[in-house]
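Trainee: Positions 5 to 157 (the numbering used here) are the ones given, in order, by the sequence shown. A virtual CB, placed ideally from N, CA and C, is assigned to each residue, including glycine. Attaching a single structure in structure tokens format; questions to follow.
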Amino acid sequence: MRIIQATLEHLDLLTPLFVKYREFYGSLAYPDSSRAFLEKRLRRKESVIYLALADDDSNRLLGFCQLYPSFSSLSLKRVWILNDIYVTEDARRQLVADNLIRTAKKMAKETNAVRMRVSTSSNNEVAQKTYESIGFKEDTEFKNYVLPISDEL
């Protein structure tokens with residue numbers, strides 16, 4: 005497999021897999037909105053997306069990951085949030101996720117980041133084992149909270 009950084013030219017290849025990722029986590033498909041979302045992130049350089057392509061077919065996407073930049077005020081450095089990662093069902097157990105994450109880790113080092121963060125469902129044991137095998141540590145220092153923001157005042 006080859007790992008490349010996505011550009012606007014990859015939107016048609018990436019969008020169907022991004023939709024499957026969203027559906028995996030219980031979101032509605034919204035293919036047009038999903039494509040527009042990805043296009044904005046790439047056009048505005050608000051995320052970095054890596055694609056895993058099959059060696060024998062550069063139009064066969066095996067998986068992707070998307071990272072968002074953030075910063076740590078305490079360390080005065082960049083942090084990368086590994087927000088999305090997905091591997092097609094037929095490419096699982098072929099180290100696609102490992103290769104995507106290792107590429108992301110290399111980019112994080114090259115941008116002088118202090119760390120990468122990732123979250124996953126508490127019942128997604130396969131993902132948890134993958135992250136731990138690559139060197140991610142469960143955060144025991146900070147407890148994370150979420151404040152949902154809705155249209156209500």
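Report the CB separation of tyrosine 54 from isoleucine 7 in whole angstroms; it is logged as a contact under 8 Å.
Mentor: Right, the Cβ-Cβ distance comes to about 6 Å (below 8 Å), so this counts as a contact.
Trainee: Threonine 115: buried (16+ other C-beta within 10 angstroms of its C-beta) or exposed?
Mentor: That one is exposed.
Trainee: Arginine 26: buried (16+ other C-beta within 10 angstroms of its C-beta) or exposed?
Mentor: Classification for arginine 26: buried.
Trainee: CB-CB under 6 Å to isoleucine 85, same chain, minus the five flanking residues each way: which ones, in chain order?
Mentor: Result list for isoleucine 85: Tyr72, Ser74 and Arg121, in chain order.
Trainee: Starting from serine 37 and walking both ways along the alpha helix (DSSP H), at which residues does that stretch end?
Mentor: From DSSP, the alpha helix (DSSP H) with serine 37 extends over 35–47.
Trainee: Any idea what DSSP makes of methionine 5, helix, strand or coil?
Mentor: Methionine 5: coil per DSSP, three-state reduction.
Trainee: Return the chain-ordered list of same chain residues with a C-beta closer than 7 Å to the C-beta of proline 35, the five sequence neighbours on each side being excluded.
Mentor: The residues are Thr19 and Val23.
Trainee: Going by DSSP in three states, aspartate 143 sits in which element: helix, strand or coil?
Mentor: Three-state DSSP puts aspartate 143 in coil, outside helix and strand.
Trainee: Taking Cβ positions, are arginine 82 and alanine 108 nearer each other than 7 Å?
Mentor: No, these two residues do not count as a Cβ contact at 7 Å.
Trainee: In the DSSP assignment, the beta strand (DSSP E) including proline 20 goes from what residue to what residue?
Mentor: Looking at the DSSP string, proline 20 is not in any beta strand (DSSP E); the run it does join, the alpha helix (DSSP H), is 15–28.
Trainee: Determine which residues share a DSSP beta bridge with alanine 56 and list them.
Mentor: Note: alanine 56 sits in a beta bridge opposite Ile7 and Gly67.
Trainee: Tell me where the beta strand (DSSP E) around tyrosine 90 begins and ends.
Mentor: Taken as a continuous stretch (DSSP letters only), the beta strand (DSSP E) holding tyrosine 90 covers 81–91.
Trainee: Quick check: the Cα distance between threonine 2 and leucine 46, rounded to an integer number of angstroms?
Mentor: Nothing can be reported for residue 2, as the shown portion of the chain is limited to 5 through 157.
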